[in-house]
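The structure appears below as structure tokens.
Encoded structure:
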């Protein structure tokens, strides 16, 4: 019983107008809900526009081949077939202007008013949760340039409200300007909207917002005074920045530490490093020895070899070990040792050497960079005793290896007496996603691994 | 974000690839499968996008047939383009509702995927505003296009996609005015680097860059069986697609 306007759909922030490429229906045609009624094109993209409601296409307001602004009325669907006024439709199509919208075929004036208030607007597909919360006024808003104060802009920027979204906010200020209070009210309302897809899918937008910030005036001033030099992040750095931001926001991180006496392991390596090098032509590293044991411990605690999707836990049957490798300058990749549980110590050592070498020169294939189920990072390369790593998504835990440092330690001598000796000590840290992993599990894993390293026995290679 | 599904196919006739795309589009629209990237190669074909002008096709129907070049008018954005052996064609059939409902952002991301892939081979490619696509030396007298983009959207699900000139001869484009751009040349990776490239490796690079740029967790190769027998390949490498 109503006229429903078809408007040129919102297609993203950068798109402000497009062309009507094809009307698939002509005035008078029946349209079913969701049926494609026209095609529009913007640069290199052709889109179908479905009807949001069933009815009869009453008017085409912008004919094929003409341009329209986002939000502009381009057609009208009458949901009540008996009310269709095709003469008005035909006339308006000839003029092809939004201003020529037929007011309706109402026989009496008061009905006319009623119908225009019943008019709804149609957008491409279903509105997203976020946009669904947006108030009215989108039609005109996009055709006009609107002013937003620096304060409103900076709030919007911090809250991840896009320019396009700002346009949808009804302003209460002078000439309909959006005030700080309007924006805050809008944000409040937005917070109450259910997040789509568990919230994670919404993240990237915020990430982009957080990273695409303009330089502040203060910084620009410093630059003009020659006091700072500005560099743009390269692609790899930007991806790292986004991933780290995303992981920290997605997973409540907790880190547990465990100091381990690795003297036995150090002795093993000292006595085997020459034989190993002679036999295989590469160095036996502590990272390889520990990685091997870390996987063995992981097999005992399957909930650390998982990922989370919504409220579901994916237990991985493969043990694919991500190894963080730094790439100069300022880069990081995490190549993956697939099926690490099927490899012996030599196999893991060889895989680490190969992936790390090719990782540093950026020569890894895509298969080698995806699919990790648990990760390890070496924090001790430059002597750091420990650290709190960020989880490599979608893993739920990452093991950090601190430097091996000589410390005085209390040990029992042959006579069963305590005495102080020089011991090789190392601090393991495990950062885990507290959504799934509690301190008990994290602690048990570290204890199991510590026990293996303290009583390190070695294996054939 | 979930895994990217990747379907690599043998060389396809263009008409068959359209059927395959429609079948996958339907499955993605119905939510039966997640975002899927089809990687393929085509027999020689010229295709006209929605904005194509007839005068930009430089050969008659007959001359095209003599040269064994197929011709299709399709529902993607953009003008004329050419596909042929040696070119890597990618059809990202993605639900853009999961990627920010941003058409411009989608195009820029496709360009980024291509630029990153070219970078692996030492080719410094860039965008060429205001046009869509990927160029070498844009805005200079030497500017030449190395990859083309054209997309169709149905309820935010994309079809069509990208074409990267790898081992194909840029001269093959001479049957059309590519993308309606008379003043700009076309090139291929082989022409730039002076040797043939491993198409398989390039497809792998593309997959990795799709995963990275579109922020998937991982990717998963699927076979046509995953499409629930709605699409299958015949033994001669051709395709039979049944659109549900």
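Residue numbers (the numbering used here), protein chains in the order written: chain A, 1071 to 1531; chain B, 3 to 246. By construction, the Cβ of each residue, glycine as well, lies at the ideal position given by its N, Cα and C atoms. Values in this document were obtained by computation on a predicted structure and should not be read as measured data.
- Assigned with DSSP and collapsed to three states, residue 1489 of chain A falls in strand.
- Close partners of residue 209 of chain B in chain A (Cβ separation under 7 angstroms): 1436.
- Looking at A/1377, A/1396, A/1445 and A/1461, the one whose alpha-carbon comes closest to that of residue 1408 of chain A is A/1445.
- The segment 23-77 of chain B is shown to contain whole alpha helix (DSSP H) runs of 4 or more residues at 63-68, in chain order.
- C-alpha of residue 1147 of chain A to C-alpha of residue 1097 of chain A: approximately 9 angstroms in a straight line.
- Here residue 93 of chain B carries a strand assignment [DSSP, helix/strand/coil].
- DSSP places residue 1513 of chain A in the uninterrupted alpha helix (DSSP H) bounded by 1509-1524.
- Within the segment 1418-1500 of chain A, the complete alpha helix (DSSP H) runs of at least 4 residues fall at 1436-1439.
- The three-state reading of DSSP puts residue 1393 of chain A in strand, counting E and B together.
- DSSP, read as helix, strand or coil, puts residue 138 of chain B in strand.
- Between the beta-carbon of residue 11 of chain B and that of residue 40 of chain B there is about 7 angstroms, and that keeps the pair under the 8 angstroms contact cut.
- For residue 1291 of chain A, the enclosing alpha helix (DSSP H) stretches over residues 1287-1294.
- At a cut-off of 8 angstroms, the C-beta of residue 1112 of chain A has a neighbouring C-beta in chain B.
- Chain-order list of chain B residues neighbouring residue 1081 of chain A: 105, by C-beta distance under 7 angstroms.
- Collapsing the DSSP output to three states places residue 1085 of chain A in coil.
- Every beta strand (DSSP E) stretch that sits fully inside the segment 114-195 of chain B and reaches 3 residues is listed by chain position as 127-130, 133-138, 146-156 and 159-167.
- Within the same chain, and ignoring the five residues on either side of residue 26 of chain B in sequence, the residues whose Cβ sits closer than 6 angstroms to its Cβ are 38 and 95.
- Listed along the chain, the chain A residues whose CB falls inside 8 angstroms of the CB of residue 153 of chain B are 1114, 1115 and 1116.
- A Cβ of chain A is located within less than 8 angstroms of the beta carbon of residue 206 of chain B.
- Taking a 10 Å sphere around the C-beta of residue 1485 of chain A, we find fewer than 16 other C-beta atoms and assign the residue as exposed.
- A Cβ-Cβ contact shorter than 8 angstroms links residue 1373 of chain A with residue 1506 of chain A.
- Contact of residue 1440 of chain A with chain B by beta-carbon distance below 7 angstroms involves 213, 220 and 221.
- The continuous stretches of alpha helix (DSSP H) do not include residue 1352 of chain A, and DSSP gives it neither H nor E.
- Unbroken beta strand (DSSP E) stretches of 3 residues or longer found wholly inside the segment 1313-1339 of chain A: 1323-1331, given in chain order.
- Residues of the segment 1299-1312 of chain A whose Cβ lies closer than 7 angstroms to any Cβ of chain B, in chain order: 1305 and 1309.
- Residues of the segment 23-56 of chain B with a Cβ closer than 8 angstroms to any Cβ of chain A, in chain order: 51, 52 and 53.
- Leaving aside the five residues that flank residue 1092 of chain A on each side, the residues in its chain whose CB is nearer than 7 angstroms to its CB run, in chain order, 1108, 1109 and 1134.
- Exclusion of the five residues before and after residue 1306 of chain A leaves 1401 as the residues of its chain whose Cβ lies within less than 6 angstroms of its Cβ.
- A straight line joining the alpha-carbon of residue 1463 of chain A with that of residue 1313 of chain A spans about 8 angstroms.
- Residue 221 of chain B is bridged by DSSP to B/6.
- Under the 10 Å beta carbon count, residue 32 of chain B is surrounded by fewer than 16 other beta carbons and is classified as exposed.
- Within chain B, no C-beta atom comes less than 9 angstroms from the C-beta of residue 1286 of chain A; the nearest is roughly 25 angstroms away.
- Contacts with chain B at 8 angstroms (Cβ-Cβ) include residue 1091 of chain A.
- Residues of the segment 124-140 of chain B that bring their beta carbon within less than 9 angstroms of a beta carbon in chain A comprise 132, 133, 134 and 135, in sequence order.
- Residue pairing by DSSP places residue 1531 of chain A in no beta bridge whatsoever.
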